[in-house]
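Residue numbers (the working numbering): 39 to 475. From the three backbone atoms N, C-alpha and C, an ideal C-beta is built for every residue, glycine too. Computed from a prediction, not measured in an experiment: that's the story for all the values here.
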Ligand code: COA
């Protein structure tokens, strides 16, 4: 455990970033696994660099290397899931979205660069006495990128939990370690609103005892944990482990006993929540993180019987196209694992893919159920793949149904103020011609 044992591997943050050269590409740990010390240290070095390309996903903090105008031409962010800060500086042209599906994110990146990655920066626990470090809060792309990179540097943080699964890296596989024992990044869930509680109740009705669940990012998926407290023997196979799952496990609702893949284990690819979650997964052999290319492969997901995926969205049109990643042309987040999990759940015996969203946005001023997606909207789930849409007004089962039936089902779960508008527009645009008899 002592750093002294591996002293030759430890270098300073300044020395680590001095190894970055112009025109190099850096792949990094994502979300709670991002390396804040290295990012911050790079800001001081960046003025000597040109066109360094960082490949990121869901940055949790705001970093000058991305946000500062003077980084133009020095650091460019290729980002496959925007967070708040990316949305702010996107108009300045130093970040661009990478469309992908989570289970192919690392593979696609390496295809695009013909297998070449100059540098990988991740985070890890300190090494144990045998020289193993845990990649801790996530292995979505981390291990794949680490294995591919020419230069591999891990930022060691003693606050990170030791997490089991496909998370271990031996110190001999890494070039250097830097130390930065900062508090962990936290994602704090808000209490569900009345609307979210109604949506949660509809979702809960579709989750039978013995189901395995995936919960996506956003207020609604997290809200449903309170609604399924009466269920028995649920299992977890998800990309993101969240605080609400700890409640379900501690309450005995999740036992993982009935899982048909990885029975007795909660499986994820990353963890993002508060210290409640991080303490729970620390050295917990019942929880395993695996590479995103495994957890989110729809054919792997489908090996869980009664697999229920729950994700949320920004807009759904009457074709059943789901947009979760942009507001018209304004890029908002990313596809992440939404399409992976939605598809995988439908391929599971007894499974179902659920997209749940509030029926309106902007304090009721606009409908999220729309005749056509806003111009420029990114399609996250195509109409061919859509299964079940839920709002606070009910459940629309779209899978296998024609557009006319989809329009009716969706209009019925839209806010009452917008139902006629949806039908009238569908007729006017000729998407669903008005029946004359
Ligand atoms: N038109 C315009 N604005 C809209 C809108 C619409 N149809 N729907 C929502 N908005 C606005 C909201 O008002 C809110 O604005 P604000 O930030 O100014 O308050 C903002 O968009 C976010 O909406 P909200 O519903 O609160 O988001 P959320 O935190 O619940 O997250 C998603 C919802 C869809 C953005 C999120 O789940 C996501 O990014 N998904 C991407 C893919 C995914 O789910 N992957 C799998 C899990 S990793």
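| query | result |
| --- | --- |
| Residue 138 at chain D interface by Cβ criterion, 9 Å | The structure shown contains no chain D; it is built from a single protein chain. |
| Closer than 8 Å: residue 370 CB and nearest the ligand COA heavy atom | yes |
| Where the alpha helix (DSSP H) containing residue 450 begins and where it ends | 441 to 451 |
| For residue 390, the residue or residues it bridges with in DSSP | 346 |
| Which of helix, strand or coil DSSP assigns to residue 48 | strand |
| Run of the beta strand (DSSP E) containing residue 275, from where it starts to where it stops | Premise fails: residue 275 is in no beta strand (DSSP E) and is neither H nor E. |
| Anticipated Cβ contact below 8 Å, residue 194 with residue 216, distance rounded | 7 Å |
| Cβ-Cβ separation, residue 366 to residue 399 (assumed contact under 8 Å), whole Å | With 8 Å as the limit, residue 399 and residue 366 do not qualify as a contact, their Cβ atoms being about 12 Å apart. |
| Distance, residue 164 Cα to residue 174 Cα | 10 Å |
| Alpha helix (DSSP H) segments (min. 4 residues) lying fully within the segment 83 to 109 | 102 to 105 |
| Cβ separation of residue 279 and residue 250, assumed to be a contact under 8 Å, to the nearest whole Å | No, residue 279 and residue 250 are not in contact; Cβ-Cβ is about 14 Å, not under 8 Å. |
| Check: residue 197 C-beta below 8 Å from any heavy atom of the ligand COA | no |
| Span separating the alpha-carbon of residue 447 from that of residue 324 | 41 Å |
| Between the CA atoms of residue 290 and residue 58 - distance to the nearest angstrom | 49 Å |
| Candidates 255, 282 and 262, of which the one nearest residue 119 by Cα | 255 |
| Element boundaries [alpha helix (DSSP H), containing residue 260] | 257 to 261 |
| Pair within 9 Å by beta-carbon distance, residue 281 and residue 312 | yes |
| Same chain only: Cβ atoms within 6 Å of residue 186, ignoring 5 sequence neighbours per side | 148 and 155 |
| Reduced DSSP secondary structure (H/G/I, E/B, other) of residue 183 | helix |
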